[in-house]
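**Q**
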Amino acid sequence: MRRLAMLALIAAVGCQCGEDPAGLTDGGTGPDTGTPGPDAVMALELTPAEAQLVTDGVTPATQAFVVTAVKSDGAREDVSAQATLTLSDPRVGNLAGADFTSALAGGEATLTAAYGGRTAEAHIVVTLQVEVFQPGPQSPTIPANSGDLIDNAPEVPGRAPTLVYPNDGVMFPPNLGGVEVHFMPGPSENWLFELRFEAANARVRVYTRCLPSFGGCIYTVHPDIWQVLADSARGLAPITLTIFGGDDVGSGRGTGGTIELNIAAADVVGGLYYWTTSNGTGIMRVDFGDPEQQPERFFPFSGDGCYGCHAVSRDGRRMSLSQNGQWDGRVTVVDVRAKAALTAVDDARREQFQSWHPDSDRFVGAFGDGNPPDTNLRIRNGDTGDVLETIPLGVEPTHPDWSPVGDRIAFTKVTHHQTSQRPGRGGIAYVSALAGGGWSAAVDLVPPEDGKNRYYPAYAPDGRALVYCESICANGDIYNGDCDGDADPVAKLWAVSADGGAPIALARANAPGVRDEGRQDLTNTYPKWAPFVDAKARDGSGRLMWFTFSSRRQYGLRAPTGTGQLLWMAAVDPDALARGEDGSYPAFALPFQDLSTSNHIAQWTTRIVPPRPDPGGSDGGTCREEGETCEPGEGDCCGNLACTESSPGRYICRLNL
40 MRRLAMLALI AAVGCQCGED PAGLTDGGTG PDTGTPGPDA VMALELTPAE
90 AQLVTDGVTP ATQAFVVTAV KSDGAREDVS AQATLTLSDP RVGNLAGADF
140 TSALAGGEAT LTAAYGGRTA EAHIVVTLQV EVFQPGPQSP TIPANSGDLI
190 DNAPEVPGRA PTLVYPNDGV MFPPNLGGVE VHFMPGPSEN WLFELRFEAA
240 NARVRVYTRC LPSFGGCIYT VHPDIWQVLA DSARGLAPIT LTIFGGDDVG
290 SGRGTGGTIE LNIAAADVVG GLYYWTTSNG TGIMRVDFGD PEQQPERFFP
340 FSGDGCYGCH AVSRDGRRMS LSQNGQWDGR VTVVDVRAKA ALTAVDDARR
390 EQFQSWHPDS DRFVGAFGDG NPPDTNLRIR NGDTGDVLET IPLGVEPTHP
440 DWSPVGDRIA FTKVTHHQTS QRPGRGGIAY VSALAGGGWS AAVDLVPPED
490 GKNRYYPAYA PDGRALVYCE SICANGDIYN GDCDGDADPV AKLWAVSADG
540 GAPIALARAN APGVRDEGRQ DLTNTYPKWA PFVDAKARDG SGRLMWFTFS
590 SRRQYGLRAP TGTGQLLWMA AVDPDALARG EDGSYPAFAL PFQDLSTSNH
640 IAQWTTRIVP PRPDPGGSDG GTCREEGETC EPGEGDCCGN LACTESSPGR
690 YICRLNL
């Protein structure tokens, strides 16, 4: 059973008006005589000047405002119906004339009234206050006075429960579904628990029992509660989460630690395609913009076969996949919309790793499983898979990644040959497109080094930095199983500027959680970026990006199966990276994945392309679909899409967030 309760209603307070400004006109039609006419508006008042409102997340709060014009003869006139009223932040609520109705989340806004050449302002604060009673199946009913029992109980040393997950300081997308809180209950005297979420304009108190899971307790935040809580803190100061343990009679209370949860200003959208080892291996996909959607098995369309290393075009219409892993690598091109293979398996067409050009019409591939090593990259047609261009490097490449700007291709520079999947003594390098055609010689960003392996570069969505993996070989070896680039236990995530410079350890993204008990070797591999850059703060300032990776770290109380890896996600501040700082945030596990298997290589695209023609865009209409390139100012994006810069000088249609 779940109950939402409004704790308190803070009454709207009175009003005040400012000083009358000097230098007024009379508002008449004749020449200005310097003397205001009797109907001239000398001042404007908006009452109440301060409105403190409360919503319980179910019922919006309301407030009627009055706009009063003060005339030059002292007369006062209600002009609420004639004045123009605007909100500084429309997410806080909406207006019907001078009547304000809040959203279901907390927030603040300035209300401005304009009339007769004058303006007045009021400050609106909406506070979300909710109590949630969630005992769980077959658990005793939770007392209605749980808040009093927790607040008034004496603090007892040794009764504190322990928060295990999420990680302190994490950044969450506001539209993430299935957020869990994991905790250890403390001593057996603790039967009643409070999870207290507090933000500047929100206070959510969850009362629950311990739902025994994996040796502790797991509480899944109800999606309705998460939505209003996240909306209250989007792009603002973090939410604090504190846990309390007590009982149904208030005999004592233990206060656990407090952690901070950051909420991004913008939703994360895009399609996510990842390789799973469940049900015979295959490619799964999920629409990240839909928190209620579950992953679906996308490929193979039927039958079996091992397809793991895959790449998806930026617009989501094409996919390339290599078959049967090492020493095979025959590549298949797939029409995502039609769910059909465009190319037959061909022994002459092998690319273990691929990456698509931002125009989504071609991809680059590398195959290094033969002897002698192949020292070329090949650019292939996105429909036929035929070679369009060969880039001779003079060194063995693997893991190519095409810049979102389209002007560079990064790759792992292999100096110890094994296979594409298990390169040795790698470095991070790139080639640049030349103005007259062709490509430059390879340029080292992070050069190869004895005892280390650098591999799997991935360009950030703004093209200004790359993330990559680094493994340190045991005993100072040049190459061994701990540093072969294939799910290395010691793998860590690093970043480097696209133009070179000192590498930056992504220490916060690499960091262990509580249940990792200080272990630092967590197999952090296969990083890939979400396709967009968004504002970091609610006011539009700052920037934020996201990347996914695979890891063997503990998902709170949920441990990966055997040696399996799960998909994790972390936010990154690109401006901090540009300053040479660790711009990453602590990571969180993607809750929608199958936790009983191993999941890798989460490739992003701007959207999940539906299996039917859309109106407009490349399906024959006049407007451009989500993910398609566009020209700013042309207004050619379909529906509620906006032409948005996705990387320097490149624009695509995407949801207007």
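Using my numbering, read the sequence shown as starting at 40 and increasing by one per residue. Virtual Cβ for every residue (Gly too), placed ideally from N, Cα, C.
Going by Cα to Cα distance, which pick from ASP112, GLY404, VAL288 and ALA239 is closest to ILE181?
**A** Here the closest residue by C-alpha is VAL288.
**Q** Can you give me the start and stop residues for the alpha helix (DSSP H) that ARG547 sits inside?
**A** Here the alpha helix (DSSP H) through ARG547 covers 546-549.
**Q** What's the gap between the Cα of GLY321 and the Cα of ILE264?
**A** Going by the C-alpha atoms only, they are around 34 Å apart.
**Q** Between the stretch 115-126 and the stretch 165-176, can you find at least three pairs of beta-carbon atoms closer than 8 Å?
**A** Contact between the stretch 165-176 and the stretch 115-126 is absent, because fewer than three Cβ pairs lie under 8 Å.
**Q** What's the call for VAL700, buried or exposed, on a 16-neighbour Cβ count within 10 Å?
**A** Shown here, the chain extends from 40 to 696; a query on residue 700 therefore has no answer.
**Q** Going straight from the alpha carbon of ARG651 to that of ARG376, what length do you get?
**A** Note that ARG651 scores 48 on pLDDT, short of 50, meaning its location in the model is unreliable; the coordinates nonetheless yield the value given after this. Going from the Cα of ARG651 to the Cα of ARG376 covers about 7 Å.
**Q** Using 8 Å as the threshold, is the C-beta distance between ALA504 and VAL535 below it?
**A** It is a contact, given that the beta carbons lie within the stated cut-off.
**Q** Counting along the chain, where does the beta strand (DSSP E) carrying GLN642 start and finish?
**A** 638-644 is the extent of the beta strand (DSSP E) around GLN642.
**Q** Tell me the rounded alpha-carbon separation between LEU596 and GLY421.
**A** Cα to Cα, LEU596 sits roughly 43 Å from GLY421.
**Q** When burial is assigned at 16 or more other CB atoms within 10 Å of the CB, is LYS378 buried or exposed?
**A** Burial call: exposed.
**Q** Drop a sphere of 10 angstroms on the beta-carbon of ASN363, count the other beta-carbons inside from all chains shown, and report buried for 16 or more, exposed for fewer.
**A** ASN363 should be labelled exposed.
**Q** Report yes if the CB atom of GLY368 is closer than 8 Å to the CB atom of ASP408, and no otherwise.
**A** Yes, the pair counts as a contact, with Cβ atoms nearer than the cut-off.
**Q** Give every residue of the same chain whose Cβ lies closer than 7 Å to the Cβ of ARG419, excluding the five residues on either side of it in the sequence, and list them in chain order.
**A** Closer than 7 Å at Cβ, skipping near neighbours: ARG401, PHE402, GLY404, ASP425, VAL426 and LEU427.
**Q** To the nearest angstrom, how far is the alpha carbon of GLY475 from that of ASP446?
**A** The alpha-carbon atoms of GLY475 and ASP446 are separated by roughly 13 Å.
**Q** Taking C-beta to C-beta, are LEU250 and TYR258 nearer than 8 Å?
**A** Yes, they are a contact pair.
**Q** Under three-state DSSP, which class holds PRO439?
**A** PRO439 falls in the strand class under three-state DSSP.
**Q** Looking only at its own chain, which residues have a Cβ that is under 6 Å from the Cβ of GLU116, when we skip the five neighbours before and after it?
**A** ALA108, listed in sequence order.
**Q** For PRO462 versus TYR494, is the C-beta spacing smaller than 8 Å?
**A** Yes.
**Q** Closer than 6 Å by C-beta to THR683: which residues in its own chain qualify, once you throw out the five before and the five after it? Chain order, please.
**A** These residues qualify, in order along the chain: ARG693.
**Q** When you measure from the CB of PHE588 to every non-hydrogen atom of the ligand ATP, does any distance come out below 7 Å?
**A** As presented, the structure is devoid of all ligands, the ligand ATP included, so that no description of it is given.
**Q** Near CYS676, which residues of its chain fall below 7 Å by C-beta distance, leaving aside the five closest residues on each side in sequence?
**A** Hits under 7 Å: CYS662, ARG663, CYS669, CYS682 and CYS692.
**Q** For SER580, which three-state DSSP category applies?
**A** Of the three classes helix, strand and coil, the one that applies to SER580 here is coil, per DSSP.
**Q** Buried or exposed: which applies to GLN121, given that a residue is buried once 16 or more other Cβ atoms fall within 10 Å of its Cβ?
**A** Exposed: under 16 other Cβ atoms inside 10 Å.
**Q** Which of the three DSSP states, helix, strand or coil, is assigned to ALA61?
**A** Residue placement at ALA61 is poorly supported in this model, since its pLDDT is 37, which falls under 50; the coordinates are not used for a value here.
**Q** Counting C-beta neighbours from all protein chains within 10 Å, is the total for GLU673 16 or more, i.e. buried, or is it exposed?
**A** Label assigned to GLU673: exposed.
**Q** Give the single residue among LEU215, LEU202, ASN206 and GLY145 whose Cα lies nearest to the Cα of GLN632.
**A** Measuring from the Cα of GLN632, the nearest candidate turns out to be LEU215.
**Q** If contacts are defined as beta-carbon pairs under 8 Å, then ALA569 and PHE586 qualify, I think. What distance do you get, rounded to the angstrom?
**A** Going by Cβ atoms, the distance from ALA569 to PHE586 rounds to 7 Å, so yes, they are a contact pair.
**Q** Quick check for students: name the residue ranges of the alpha helix (DSSP H) that lie wholly in the stretch 582-631, counting only runs of 4 or more.
**A** For the stretch 582-631, whole alpha helix (DSSP H) runs of length 4 or above, ordered along the chain, are 613-617.
**Q** Could you spell out where the alpha helix (DSSP H) holding ILE322 opens and where it closes?
**A** Not the alpha helix (DSSP H): ILE322 falls in the beta strand (DSSP E), residues 321-326.
**Q** Quick test of the definition: if touching needs 3 or more C-beta pairs under 8 Å, does the stretch 295-303 touch the stretch 274-285?
**A** Touching, yes.
**Q** Since I believe ASN519 is in contact with LYS531 (beta carbons under 8 Å), could you give me their beta-carbon distance rounded to a whole number of angstroms?
**A** Not confirmed; about 17 Å, so no contact.
**Q** Please look up how many angstroms separate the CB atoms of ALA526 and GLN604, rounded, as I've assumed it's under 8 Å.
**A** With a Cβ gap of about 7 Å, ALA526 and GLN604 count as contacting.
**Q** Nearest to ASP386 by alpha carbon, out of VAL370, TRP395 and ALA380?
**A** The residue with the shortest Cα to Cα distance from ASP386 is VAL370.
**Q** What whole-angstrom Cβ distance do PHE392 and HIS455 have, given they're in contact under 8 Å?
**A** Between HIS455 and PHE392 the Cβ distance is about 17 Å, and since that is not below 8 Å, they are no contact.
**Q** From LEU360 to PRO443, what distance separates their C-alpha atoms?
**A** So the alpha carbons of these two residues sit roughly 20 Å apart.
**Q** If you drop the 5 nearest sequence neighbours on each side, which residues of the same chain put their C-beta closer than 8 Å to that of THR68?
**A** Because THR68 sits at a pLDDT of 41, beneath the cut-off of 50, its placement in the model cannot be relied upon, and the following sentence gives the value as read from the coordinates. Result list for THR68: empty, nothing under 8 Å.
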